[in-house]
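**Q** Quick note on this note's numbering: the sequence shown kicks off at 7 and runs consecutively. Sending over a structure as structure tokens; questions will come in a sec.
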Amino acid sequence: MRALVKAKAEPGLWLQEVPVPEPGMNDVLVKIRKASICGTDVHIYNWDAWAQKTIPVPMVVGHEFVGTVEAMGDNVHDLHIGDLVTGEGHLVCGRCRNCLAGRRHLCRDTAGVGVNRPGAFADYLCIPVTNVWHCDPSLPTDVLSCFDPFGNATHSALSFPVLGEDVLITGAGPIGCMATAIARHAGARYVVTTDVNPYRLDLARQMGASATVDVRHEKVADVMERLGMKEGFDVGLEMSGHPDAFGDMLSSMCHGGKIALLGIPGQEMAIDWNLVVFNGLTIKGIYGREMYETWYKMQVMVQGGLDITPLITHRFPLEKFEDGFDVMRSGESGKVIIDWDDQAQESGR
Numbered sequence: 007m008r009a010l011v012k013a014k015a016e017p018g019l020w021l022q023e024v025p026v027p028e029p030g031m032n033d034v035l036v037k038i039r040k041a042s043i044c045g046t047d048v049h050i051y052n053w054d055a056w057a058q059k060t061i062p063v064p065m066v067v068g069h070e071f072v073g074t075v076e077a078m079g080d081n082v083h084d085l086h087i088g089d090l091v092t093g094e095g096h097l098v099c100g101r102c103r104n105c106l107a108g109r110r111h112l113c114r115d116t117a118g119v120g121v122n123r124p125g126a127f128a129d130y131l132c133i134p135v136t137n138v139w140h141c142d143p144s145l146p147t148d149v150l151s152c153f154d155p156f157g158n159a160t161h162s163a164l165s166f167p168v169l170g171e172d173v174l175i176t177g178a179g180p181i182g183c184m185a186t187a188i189a190r191h192a193g194a195r196y197v198v199t200t201d202v203n204p205y206r207l208d209l210a211r212q213m214g215a216s217a218t219v220d221v222r223h224e225k226v227a228d229v230m231e232r233l234g235m236k237e238g239f240d241v242g243l244e245m246s247g248h249p250d251a252f253g254d255m256l257s258s259m260c261h262g263g264k265i266a267l268l269g270i271p272g273q274e275m276a277i278d279w280n281l282v283v284f285n286g287l288t289i290k291g292i293y294g295r296e297m298y299e300t301w302y303k304m305q306v307m308v309q310g311g312l313d314i315t316p317l318i319t320h321r322f323p324l325e326k327f328e329d330g331f332d333v334m335r336s337g338e339s340g341k342v343i344i345d346w347d348d349q350a351q352e353s354g355r
């Protein structure tokens, strides 16, 4: 089968022929239809310090996908050949205290599809049936291919009640823009999204932001004043991993405000703990998706009218995967989809 492989310990990915995986008795073999490029995939492509210490070579990469059931093991009984599926990219042990308590997203022995085991940038992917999500076939396959990052956004945005609240989102990457749409869909009063990238701030506006802030030219406090906000933001969603963005968030929260922290800092980050203590702030780290409450919520939101398709800006056939990675690395994109259909056509804006 065809696969995008991290075949060498250097920048790049290589389109190669590799064996089709054999499903075990509890596994499902998925024929990939579409796969979207994640920031993690870009790190692996670039072969940065994180990738060098994390990714075994060779490795088939990719973990955001939608496809159909091609085959399954003898112990799999609730799926049928041809069913439309996507899947959870974190494989957990099932035996630790958190797994046994239903908190599988907190498993300390998590392994990642396309990181620690062969991934979804391939004609076929093999994963345990416990990681398969049976999709509503009426939903767009482009959207379903983005359910993994959409789940990160859902887990973050719905970590705290947002109905009637004012929400600050720092970072207008794809997940930040999805979180913008979710917060509005869930009834937030104002959703303010910050970044330094005009292209992505425009995407945030398309996804429903009440206001956007290019922090190079404007302060969050100025937008708060323009909106008539007097006491700060009730909920903060930190999606950038940038120290300055997190500092802006801490100083913009109301007393008793709650922060969901998804962005991963590239370096150690200082925190003004006086703001946290004296303002009674709550900070919650977010990792992945709750299994499978997050998946249920995001499918229901899309069924109920939440539209994230404006965020899907580019589509490429497999043979032009390099162009897809170039667009992702440029910052001038939302979600970028690689189509494994031989008849796929390039599109973008």
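Ideal placement from N, C-alpha and C gives every residue a C-beta, glycine not left out. Predicted model only: the values in this text are computed from it and were never measured.
1) Do you know how far the Cα of L243 is from the Cα of T46?
2) Assuming R195 contacts D228 under a Cβ cut-off of 8 Å, what Cβ separation, rounded to an integer in Å, is found between them?
3) Going by the CB atoms, is the gap between Y51 and F331 shorter than 9 Å?
4) Report all residues from its chain with a CB closer than 6 Å to the CB of A350; omit the five preceding and five following residues, and keep chain order.
5) Might you give, ordered along the chain, the residues of its own chain that have their beta carbon closer than 7 Å to the beta carbon of M297, omitting 5 neighbours on each side?
6) Identify, in the order they occur along the chain, each residue of the same chain with its Cβ nearer than 7 Å to the Cβ of V75, setting aside the five sequence neighbours on each side.
7) Would you tell me roughly how many angstroms separate the C-alpha atoms of I168 and E325, rounded to the nearest one?
8) Ends of the alpha helix (DSSP H) at Q273?
9) Report yes or no: do three or more beta-carbon pairs, one from the region 262-272 and one from the region 209-227, lie closer than 8 Å?
10) DSSP three-state label for L150, please.
11) Taking W279 as the reference, give the member of R39, L256, H261 and I292 with the closest Cα.
12) Quick check: the Cα distance between D142 and F71, rounded to an integer number of angstroms?
13) Do the region 57-67 and the region 112-123 make contact, defined as three or more Cβ pairs closer than 8 Å?
14) Give the single residue among W301, R8 and A9 whose Cα lies nearest to the Cα of N158.
15) Mind checking which residues open and close the beta strand (DSSP E) that includes P134?
16) For a quick check, are the C-beta atoms of F166 and T288 less than 9 Å apart?
17) Count the other CB atoms within 10 Å of the CB of N81; is the residue buried (16 or more) or exposed (fewer)?
18) Would you kindly check if the distance between the Cβ of R39 and the Cβ of W346 is under 9 Å?
19) Between which two residues does the beta strand (DSSP E) carrying W139 extend?
20) Less than 7 Å between C-beta atoms, sequence neighbours within five positions excluded: which residues of the same chain meet that for R211?
21) Here's the rule: buried if 16 or more other CB atoms are within 10 angstroms of the residue's CB, otherwise exposed. What is R295?
22) Have a look at F327 and A107 and give me their C-alpha separation to the nearest angstrom.
23) Taking 6 Å as the limit between beta carbons, can you name the residues of its chain near N203, skipping five residues before and five after?
24) Residues in the same chain with beta-carbon distance under 7 Å from Q305, minus the five sequence neighbours each way, listed in chain order, please.
25) Could you compute how far the alpha carbon of G286 sits from the alpha carbon of G263?
26) What's the gap between the Cα of Y293 and the Cα of V333?
27) Where does the unbroken alpha helix (DSSP H) through A210 begin, and where does it stop?
28) Compute the distance between the beta-carbons of H320 and K341, then report whether it is under 9 Å.
29) Locate the beta strand (DSSP E) running through Y196, then write down its first and last residues.
30) Quick one: Cα of L233 to Cα of A187, how far?
31) Which ranges would you report for the alpha helix (DSSP H) in the region 217-277 if only whole runs of at least 4 residues count?
**A** For this structure:
1) The straight-line gap separating the alpha-carbon atoms of T46 and L243 is approximately 20 Å.
2) Wrong, their Cβ atoms sit about 18 Å apart, outside the cutoff.
3) yes
4) Unreliable placement is indicated for A350, whose pLDDT of 48 sits below 50; no coordinate value is reported for it.
5) E94, R110 and H111
6) Listed in chain order, the non-local C-beta contacts of V75 below 7 Å within the same chain comprise V34, V36, L85, H86, I87, G88, D89 and V91, local neighbours out to five positions each way being set aside.
7) The question names Ile, but residue 168 is Val in the sequence shown. V168 and E325: Cα-Cα distance of roughly 43 Å.
8) Element bounds for Q273: n/a, residue is neither H nor E.
9) no
10) helix
11) L256
12) 15 Å
13) The region 57-67, when compared against the region 112-123, does touch it at the 8 Å Cβ threshold.
14) W301
15) Y130 to P134
16) yes
17) exposed
18) The beta carbons of W346 and R39 sit closer together than 9 Å.
19) V138 to H140
20) T218
21) buried
22) 41 Å
23) G337
24) D142
25) Taking the CA atoms as reference points, G286 sits about 7 Å from G263.
26) 26 Å
27) Start and end: P204 to Q212.
28) yes
29) Y196 to D201
30) Answer to the nearest angstrom: the Cα atoms are 19 Å apart.
31) List check, alpha helix (DSSP H) in window: 226-233 and 249-258.
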